[in-house]
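J.: Order-wise, the sequence lines are chains A and B. Our numbering applies: residue 1 is where the first sequence begins, and numbers increase by one. Our numbering applies: residue 261 is where the second sequence begins, and numbers increase by one.
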Amino acid sequence: MPTSRLHSVILDKVMEEASHTKSFSFREEFPVRPGQFIMVWIPGVEEVPMALSQLGPVKAITAKNVGSSTEALHKFKEGDRIGVRGPYGNSFDLSQEHYLVAAGGTGIASVIAASEALAEAGKKVVTVFGAKTKEDLILLERSRKYGEVFIATDDGSVGYHGVVSDLALKLMEDRRFDGVLACGPEKMLQTLEGICRQRDVEIQVSMERFMRCGIGLCGSCSLDHYLVCRDGPIFKGEQLVGLRDFGHYRRDRAGRRVPM
Amino acid sequence: MVEISTTVGRLKLQNPTMLASGILGDSGDSLLRVARSGAGAVVTKSIGREPREGNPSPSLVELEHGLLNGIGLANPGIDNYRAEVEVALQGDVPVIGSVFAEDVEFYGPLARTMEVYGVQALELNLSCPHAEGLEEIAGDADLISQVTAEVKSAVKVPVFVKLSPNVRDIALLAQAAEEAGGDGIIAINTVKAMSILPEVAKPVLGQTMGGLSGPAIKPVGVRCVYQIYEAVDIPLVGVGGVANGLDAVEYIMAGARAVQIGSGIHYRGLEVFEAVCREIEAFMEEHGYRRLEEMVGIAHE
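#1: Whole beta strand (DSSP E) runs in the region 420 to 469 of chain B with 3 or more residues, listed along the chain?
#2: Report the residues of the region 445 to 468 of chain B with a CB closer than 8 Å to any CB of chain A, ordered along the chain.
#3: Among the candidates B:F543, B:E545 and B:E534, whose CA atom is the shortest distance from the CA of Q274 (chain B)?
#4: Any idea if P259 (chain A) is buried or exposed, counting beta-carbon neighbours within 10 angstroms, 16 or more meaning buried?
#5: For the putative contact between G23 (chain A) and I82 (chain A), defined by C-beta atoms under 8 Å, what is the C-beta separation to the nearest angstrom?
#6: Buried or exposed, going by whether 16 or more other CB atoms sit within 10 Å of the CB of G522 (chain B)?
#7: Using C-beta distances below 7 Å, list every residue in its chain close to A625 (chain B), excluding the 5 sequence neighbours before and after it, in chain order.
#8: Taking DSSP's pairing of strands, which residues face M50 (chain A) in a bridge?
#9: Should V228 (chain A) be flagged as near chain B, meaning a C-beta pair shorter than 8 Å?
#10: What does the alpha-carbon distance come out to for the pair Y367 (chain B) and L506 (chain B)?
#11: Mapping the DSSP letters down to three states, classify L118 (chain A) as helix, strand or coil.
#12: Quick one: complete alpha helix (DSSP H) runs, 4+ long, within the region 110 to 174 of chain A?
#13: Cβ of R250 (chain A) less than 8 Å from any chain B Cβ?
#14: Report all residues from its chain with a CB closer than 8 Å to the CB of P2 (chain A); omit the five preceding and five following residues, and keep chain order.
#15: Within a Cβ cutoff of 6 Å, which residues of the same chain sit near T266 (chain B), ignoring the five residues on either side of it in sequence?
#16: Strictly under 8 Å for the Cβ-Cβ distance: is G219 (chain A) near chain B by that measure?
#17: Starting from the Cα of L496 (chain B), find the closest Cα among B:T450, B:C484 and B:A503 and give me that residue.
#18: Figure out for me which residue from A:T133, A:L167 and A:C229 has the closest Cα to the Cα of V101 (chain A).
#19: Could you tell me the distance, in whole angstroms, from the CA atom of V451 (chain B) to the CA atom of Q380 (chain B)?
#20: Note the first and the last residue of the continuous beta strand (DSSP E) segment covering M278 (chain B).
#21: What is the DSSP secondary structure of I331 (chain B), counted as helix, strand or coil?
#22: Going along chain A in order, which residues have a C-beta closer than 8 Å to the C-beta of I283 (chain B)?
#23: For E324 (chain B), does the count of other Cβ atoms within 10 angstroms reach 16, so buried, or fall short, so exposed?
#24: Suppose the cutoff is 8 Å on Cβ atoms and the five residues either side in sequence are ignored; what does the same chain contact list for G79 (chain A) look like?
#25: Compile a chain-ordered list of the residues in the region 1 to 23 of chain A whose CB is closer than 8 Å to at least one CB of chain B.
#26: Thinking C-beta only, is G337 (chain B) closer than 8 Å to E365 (chain B)?
#27: What number of angstroms, rounded off, separates the C-alpha of V58 (chain A) from the C-alpha of R27 (chain A)?
#28: Is it true that the CB of G104 (chain A) sits closer than 8 Å to the CB of G67 (chain A)?
#29: Would you identify the three-state DSSP class for D507 (chain B), choosing helix, strand or coil?
#30: At least one CB of chain A closer than 8 Å to the CB of V321 (chain B): is that the case?
#31: Can you grab the Cα-Cα spacing for the pair M555 (chain B) / G481 (chain B), in whole Å?
#32: I'd like to confirm the pairing. Which residues does DSSP put opposite N385 (chain B) in its beta bridges?
#33: Is any beta-carbon of chain A found at less than 8 Å from that of L370 (chain B)?
#34: Give the list of continuous alpha helix (DSSP H) stretches no shorter than 4 residues that lie fully inside the region 175 to 199 of chain A.
#35: Counting along the chain, where does the beta strand (DSSP E) carrying S88 (chain A) start and finish?
#36: Any contact of the region 233 to 242 of chain A with the region 340 to 351 of chain B, i.e. 3+ C-beta pairs under 8 Å?
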């Protein structure tokens, strides 16, 4: 059966990343590139798009308990089945040599596979990771395996006291990066896009929108004329600059364009 | 050179392909993109009186020979839709406004508002198989007749009635729409269906049942168009499983003057509209047809 069709997988391991965040791994071979996403069905609850935080023969998703679906998912244990389909969407272009990976909160789960791929290819990765507080720092040990990690927290409980984009800017003033890969809150992405444009550094961001079909048909994930599921989720800065929606509007479940 | 421009009543189309309702129709930008990809017309998402969040997910999954969806008529509501129509109209192809309502009396005002927004025709969704309330209208000739008459008296643009295959006698319902003044019939909506994932012992769709589209339903659609063509004189638009030129030709030979494409975008991308047109032309050239019109309903002769 092609993996793109909805099918079930058995959870291999459930790992606690933080008090509010768990990773769920499953064994399945299918080709997937860093940045792509899958649709995860929590049977009887809901289906949600999720980045694969781990590629390779053992795949994983990482979910923070933020709503009813993730709360339901957090009750799943090793041996339970979830539904998956995909992978969908485009992927990061990792053709440069030296990258700054910028992640805000659980956004780290969408970029860590790219860091891993870069490190495996012998390329240089520096991660700048921002969170509200110390407790929100996840996948840190793994990130450190791939390169240097700098931390920013909003409350200053660890690392730089401030937002991740400020810390990213400081790093970019000291060092030259060929490219930036980013995932996190849209305001952060917008700020980073501006910084990169000014400094003439290519940025690729992983975008999030409410999704239903994941395959470019329902239109729920519209971002101006783009569909995040099909044209994205990875967008280059030059694609995003000038969009009316980027950083300003999203569409709700009814398809209404609403301010962020 | 062959000629594939066509008309559906008063509506003139540069080519016989239209975007089917429910696909990419939330946003004006997406409709515009489809128009610029080569569609001869675009149909909006079905818009109702109020914003509607739709059914619980999963709401669209790929099956072996088609797509199963239970979006449940999620839409931003008529009051929020003006800006989207205005953007879609920049595409220089007709924009057809699809509307639905829970009650007969609401169709007229909704259609009128769509007309004020600038759409060149209306499509009445009387048949979404995954939204409560609509199934009742879908199979009832009297209700179809009432809705059609209501909308006809509210607007001046052509009114097309979209019919469900999930009924006993679709031709009878088409006749009801024609007698009430409908300017054309669009057939078919999705086929009511469901799927179960055995390992988890649960229906796949959040709403349990939904509508099947894609290659699996093309023979059902062709059959319906064929039957309706024999029953009415108003023009028909075929929809259900069109992904290539020959699919379109089948519908045209059954009696359709144009076709709508939805799931076909999944199989061939937005290039499907251009591709279907080129393939229809190639077929016509090979078989000696000069104008699309010559093929309409030819299978009945």
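All C-beta atoms in this analysis are idealised placements derived from N, C-alpha and C, irrespective of residue type, glycine included.
T.: In this structure, then:
#1: 444 to 447 and 451 to 454
#2: L457, E459, V460, K462, V464 and G466
#3: B:E534
#4: exposed
#5: It is Ser, not Gly, that sits at residue 23 (chain A) in the sequence shown. Not a contact, Cβ separation roughly 13 Å.
#6: buried
#7: Since the first residue of chain B shown is 261 and the last is 561, residue 625 (chain B) is not available in this structure.
#8: A:I38
#9: no
#10: 35 Å
#11: helix
#12: 140 to 146 and 164 to 174
#13: no
#14: Summary for P2 (chain A): the model assigns pLDDT 46, below 50, so the residue's position carries little reliability; its value from the coordinates is reported in the next sentence. Around P2 (chain A): no qualifying Cβ.
#15: L273, P276, R517, A518 and L552
#16: yes
#17: B:C484
#18: A:L167
#19: 28 Å
#20: T277 to L279
#21: coil
#22: L217, C218 and G219
#23: exposed
#24: I10 and L11
#25: S4, R5, L6, H7 and S8
#26: no
#27: 4 Å
#28: no
#29: helix
#30: yes
#31: 17 Å
#32: B:K422
#33: no
#34: 186 to 199
#35: Residue identity check: residue 88 (chain A) is Tyr in the sequence provided, not Ser. Per DSSP, Y88 (chain A) belongs to the beta strand (DSSP E) from R81 to Y88.
#36: no
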